[in-house]
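A.B. asks:
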Amino acid sequence: MNAHQYACHTHPPAGPVHSDAAQALPAGVTYTCPMHPQVVRPGPGTCPICGMALEPRTVDATDATDPELKSMSRRFWVSLPLAAPLLVVSMGEMLLPALDFHRWLGDALFDALQVALATPVVLWGGWPFFQRGWASLRSRHLNMFTLIALGTGAAYLFSLYAVLFPATLPAAFREQGGMLPLYFEAAAVIVTLVLLGQVLELRARRRTADAIRSLLDLAPPVARRIREGGTDEEIPLAQVQVDDRLRVRPGDKVPVDGIVLEGASSVDESMVTGESMPVPKAPGDRLTGGTVNQRGGLVMRAERVGADTLLAHIVQMVGEAQRSRAPIQALADKVSGWFVPAVMLVAVAAAVAWAVFGPAPAWNHALVAAVSVLIIACPCALGLATPISIMVGVGRGATSGVLIKDAEALERMEKVDTLVVDKTGTLTEGKPRLVAVRALDGFSEETVLQCAAALEAASEHPLASAVVAGAEQRGVRRAKAEAFEAIAGKGVRGRVAGMEVLVGNAALLAEHHVPADDLETAAAARRAEGQTVMLVALDGEAAGLICVADALKPTTAEAVELLHASGVRIVMLTGDNPATAASVAKRLGLDDVRANVLPQDKHAVVRDLQAQGHVVAMAGDGVNDAPALAQADVGIAMGTGTDVAIESARVTLVKGDLRGIAKARILSRETLRNIRQNLFFAFVYNSVGVPLAAGLLYPFTGLVLSPAIAAAAMSLSSVSVIANALRLRHARL
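Note that the numbering used here has the sequence shown beginning at 330, numbered continuously upward.
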């Protein structure tokens, strides 16, 4: 049976479906296995591969009842008061010589009491384990429940046979004095302890979704919509529509993504960016749903609602990333595939060794050893080691403004040694402004700016809007451009007021045979100050230059220091002139800079660095960064950038702050360390536990591991792996 068959939504669910709990969850919720995300079912049930309880793929904001946890808890609390007295009755004399129930009750009543106490525990309390064990045998996907069903089933059925047909039991099975070897207490205690382990595991697994649930809780249940008459009405969040005018009072949560229309305030955006400093907001500024308005009142226009909001995208991305598989998981998958058959062979070998070489009653010891081996082995801990850490790690990143698209990116981030960054919008604010206009003799600054702004009004280049806005601020009358043409990597050309106009770099003017020596001399000094200079030519003559500056983000210098401290080499790419690029690189202390890089060349730069053996991360925010982001080992998009860049990247920094890359590396390192710890615990646990259960210590100490102790150890192994993974929720980024 292949993975595609498991993903079929029409396939009947494995295991019981609890219809009452299913109705408590939102309609359309599908379920998946945390260890095998390819398994998708339309309702609750169990995984056909590993037998684990399926969990909802979409976390609901409400704390819906978990049907599996409810079922296992009920079975545990019914089994516990039956298993405890059974343990006292069967082993009372060993605990306290005066508690000899066998002598007090007699053989028949003593045996009947054990059958009466054990049968409900094993057959009702342990019924889910037998169901899953049988399903694993039919599907030939042996798992933890195969071992539990075989171990407890063998102990219970052997004991029941001994009680019902004592005369047929060979002498080799009887204990000293001819007593019947009964293991009702072992079977019942094992089932009870496994039920306890399942309850603890299911509770811990629910906590792995806390990050998503906390994000969902950010959205307020209602919004205050402003009617046409100016009065407010309170409506459910689901009824908010695009272009609705909404009022956000002090202390209120912003209901959806939108634009401030009126008012001024500061907004706490820490829940989606991880940054604690409030952000000032004024008309024209953007608001993010789920953030908290602090002091002043705001009126906003809704732009993105429902599934289109940033918060909804974050929840979706985090959910998908938590279900993805990291390359490191391949080792655990390979071992798990052989684990259960190997344990069954060890159990058989241990039984044969005890039967042939063990002390009397040999077959009695053989059965105990085989049951102990089957019970103590736990492939579940091995299978959970990686996915449970990925789930918690991705959720932790989301609460700090670092969105990981898949587990492979999280793993690769730790190995990154070279970061390639686009300058505009990544190192800088991405909001260039006009700072100077200079005209050569024979031309006026107003004419130079008017002609340049006319052409740039038709351009999509990030610097174009700065020129247009600067012309408007200076009151320069807008002219109309004709025959507009954008020349990639060089600039723009066209006709304005009957003149042939060129706006761009020296290469553009040289291509049109326009002498630009005078302009280049004046431009050099500006570039040394980090300004971007555009040369302007009118009717074949050099006319002047326009200087635009894009301020560095306040956090860029700190981010560079953090990345250098972690051993990352930083390469800046820009279409700017080498002098401007060198000025920025010098101020930040960057390791390498590539200037005059055309948009299509960014992809090639990343590929060349990879060919040199570097693990490359690329950070950018524009449409032209998308190919390079896709080529990089890890593409990192600024959350303030374009949708195309975000879709092409595997990591998104919600705030567009490069310090988030340092956070992502710490998160990657901590998550991988946690995974390695989990794998170590799982491997060592089974490597030590299985031989002990087989009787390795008996020749040296005379001790044999009790099946009940083996059950307790097995139940705690998965819980310990999950508990270790949950420590990631408090990792300092």
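We treat Cβ as the ideally placed atom computed from N, Cα and C, and that holds for glycine.
1. Express the C-alpha separation of Arg936 and Gln960 in angstroms, rounding to a whole number.
2. DSSP on Tyr485, reduced to helix/strand/coil?
3. Assign Gln443 to one of two classes, buried (16 or more other C-beta atoms within 10 Å of its C-beta) or exposed (fewer than that).
4. Is Ile378 helix, strand or coil when you go by DSSP?
5. What residue ranges within the segment 855 to 912 form continuous alpha helix (DSSP H) runs of no fewer than 4 residues, ordered along the chain?
6. Would you tell me roughly how many angstroms separate the C-alpha atoms of Ala478 and Leu640, rounded to the nearest one?
7. Look up Ser595 in the DSSP assignment and say whether it is helix, strand or coil.
8. State the CB to CB distance for the pair Leu739 and Gly722, rounded to an integer number of angstroms; the pair is presumed to be in contact (CB under 8 Å).
9. Is Met967 helix, strand or coil when you go by DSSP?
10. Nearest to Arg916 by alpha carbon, out of Gln929, Ala946, Gln860 and Leu927?
11. Comparing C-alpha positions only, which one of Leu493, Asp735 and Val523 sits nearest to Pro457?
12. Arg624 and Gly587 - do their beta-carbons sit closer together than 9 Å?
13. In this structure, does DSSP put Val843 in helix, strand or coil?
14. Check whether the segment 782 to 792 touches the segment 893 to 901, taking contact to mean three or more Cβ pairs, one atom from each stretch, closer than 8 Å.
15. According to DSSP, is Leu831 part of a helix, a strand, or is it coil?
16. Rounding to the nearest angstrom, what Cα-Cα distance links Asp770 and Ala872 in this structure?
17. So the beta strand (DSSP E) Phe494 belongs to, where does it begin and stop?
18. Roughly how many angstroms lie between the CA atoms of Val1013 and Ala567, to the nearest whole one?
19. I need the boundaries of the alpha helix (DSSP H) containing Asp436, first residue and last residue.
20. With DSSP run on the structure shown, which of helix, strand or coil describes Leu471?
21. Measuring straight from C-alpha to C-alpha, what distance separates Gln352 and Leu1026?
22. Which partner residues does Val577 have in the DSSP bridge list?
23. Who are the near neighbours of Ala356 in its chain, counting only those whose CB is closer than 8 Å to its CB and skipping five residues on each side?
24. Counting along the chain, where does the beta strand (DSSP E) carrying Arg553 start and finish?
25. Along the chain, where does the alpha helix (DSSP H) containing Phe686 start, and where does it finish?
26. Give the straight-line distance between the Cα atoms of Cys707 and Val669, rounded to the nearest whole angstrom.
27. Just verifying my parser: in three-state terms, what is the DSSP assignment at Pro385?
28. Is it the case that the Cβ atoms of His694 and Val1033 are separated by a distance below 9 Å?
29. Would you mind reading off the limits of the alpha helix (DSSP H) that contains Arg654?
30. Does the distance from the CB of Lys743 to the CB of Ser653 come in under 9 Å?
31. Quick check: Lys582 and Ala548, are their CB atoms within less than 9 Å of each other?
32. Quick check: the Cα distance between Trp463 and Pro716, rounded to an integer number of angstroms?
33. Please determine, among Asn1053, Val1019, Ser1047 and Ser1046, the residue with the shortest C-alpha to C-alpha distance to Ala676.
34. Output the boundary residues of the alpha helix (DSSP H) element that contains Leu1055.
35. Indicate whether Ala516 and Leu416 have their beta-carbon atoms separated by less than 9 Å.
36. Quick check on Asp954: buried or exposed, where buried means 16 or more other Cβ atoms within 10 Å of its Cβ?
C.D. replies: So, to answer that:
1. 7 Å
2. helix
3. buried
4. Three-state result, Ile378: coil.
5. 885 to 894
6. Roughly 44 Å between the two C-alpha positions.
7. The answer is strand: DSSP assigns Ser595 an E or B state.
8. 6 Å
9. strand
10. Closest in C-alpha terms to Arg916, from the list Gln929, Ala946, Gln860 and Leu927, comes Gln860.
11. When only C-alpha atoms are compared, the closest one is Val523.
12. Their beta carbons are not under 9 Å apart, which means Gly587 does not touch Arg624 by this criterion.
13. coil
14. no
15. strand
16. When only Cα atoms are considered, Asp770 and Ala872 end up about 8 Å apart.
17. First-last for Phe494: undefined, no H or E at that position.
18. 51 Å
19. Its alpha helix (DSSP H) spans residues Asp436 to Thr448.
20. Reduced to three states, the DSSP call for Leu471 is coil.
21. With a pLDDT of 34 at Gln352, under the threshold of 50, the modelled position of that residue is not reliable, and no figure is offered here.
22. Residue pairing by DSSP places Val577 opposite Leu627 in a beta bridge.
23. With a pLDDT of 47 at Ala356, under the threshold of 50, the modelled position of that residue is not reliable, and the figure given next carries that caveat. Nothing listed; no residue qualifies.
24. Val551 to Ile555
25. From DSSP, the alpha helix (DSSP H) with Phe686 extends over Gln658 to Phe686.
26. 9 Å
27. strand
28. yes
29. No alpha helix (DSSP H) contains Arg654, which DSSP labels as neither H nor E.
30. Reading off the sequence, residue 743 comes out as Glu, not Lys. No, the pair does not count as a contact, with Cβ atoms beyond the cut-off.
31. yes
32. 26 Å
33. Val1019
34. Residues Pro1036 to Leu1055.
35. no
36. buried
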